[in-house]
Every structure is written in C-alpha cells, then in structure tokens.
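Residue numbers (this note's numbering): 749 to 808. Think of the CB as a built atom: it goes at the ideal place given N, C-alpha and C, for glycine as much as any other residue. Written out below as structure tokens is the structure these notes cover.
What follows is the structure, given as structure tokens:
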C-alpha cells in the first residue's frame, strides 16, 4: 500500500446519487479536475470505491 493517495474529480457529480455527491464532498473534492491528497487507509479506500466512476486515483 502507498503512503498517500492523489484523488482527482474527473466527472461531475451533478446527476449522481445524492449519497455519492456527499461522499465526493467528504473526500474534499469541490470542483471538477481538482486534486486532493488523502491518507491511504481503509476508510478512504471505501469512500473512493463507492465513487470510482467519478474520480481518478493515483498512489503516491
């Protein structure tokens, strides 16, 4: 496992399920094509798994 994950919002959550919108926001992603660095743990990986169709993930 990597130390951190770089998560980028690549698709708009406008038409997404409301729970997915909240998950994207909880990851710290507010605008399209913005990137955040998050710790690589099970909680973050689970959140990413739910919105994998909206984000791009890179291990750092």
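Annotation for residue 779: 757 place their beta carbon closer than 8 Å to its own, counting only its chain and skipping 5 residues before and after.
With a cutoff of 8 Å on beta-carbon distance, residue 755 and residue 775 are scored as near each other. Excluding residues up to 5 positions away in sequence, 795, 798 and 799 lie with their Cβ nearer than 8 Å to the Cβ of residue 771 in the same chain. A residue is called buried once 16 or more other Cβ atoms fall within 10 Å of its Cβ, and residue 766, having fewer, is exposed.
Residue pairing by DSSP puts residue 787 in a beta bridge opposite 752. Residue 761 is classed as buried because its beta carbon has at least 16 other beta carbons within 10 Å across all chains shown.
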